[in-house]
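Using this note's numbering, the first residue of the sequence shown is number 8, and each one after it goes up by one.
C-beta atoms are modelled at their ideal positions from N, C-alpha and C, and glycine is treated no differently.
What follows is a short report on a single structure.
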Amino acid sequence: MPQAYDPNNIFAKILRGEIPCKKIYEDEVALCFHDVAPQAPVHALVIPKGEYQSFSDFTLKASSKEVCGFFQAVQRSIEALKLEAGGYRLLSNHGEHAGQEVPHFHVHICGGGHLGKMISRS
């Protein structure tokens, strides 16, 4: 059974303005900012402004306006980052096995150079 949303996670604090971020794009449903520990030449995060823990939580509980607006914000962020021509990768982790570090739904946008294999086994 999923745990309750933690309003003290780092993304919730960023949304409340308690922690600064290097903003790329923002609208009424989403915020995009640069990752503080980039894993690619360009690495940004897009987060919805609502309290959602995962993709499933978001798509099952958010309004159609929020879901559509969120993915439009992802596209606008890609455009703001000027990644369309060279390409980019979108990634969203959920749960322990996927390595989700912050329990707030988010999409990583990575690009700016060759990214290598999608998944490497260690």
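As the crow flies, the alpha-carbon of His-104 is around 20 Å from that of Thr-66. Here Ser-63 is exposed: its Cβ has fewer than 16 other Cβ atoms, across all protein chains shown, within 10 Å. Unbroken alpha helix (DSSP H) runs of no fewer than 4 residues, entirely contained in the stretch 25-53, are not found. Here Gly-118 is buried. Its C-beta has 16 or more other C-beta atoms within 10 Å. The straight-line gap separating the alpha-carbon atoms of Asp-34 and Lys-124 is approximately 32 Å. Here Gly-118 carries a strand assignment [DSSP, helix/strand/coil].
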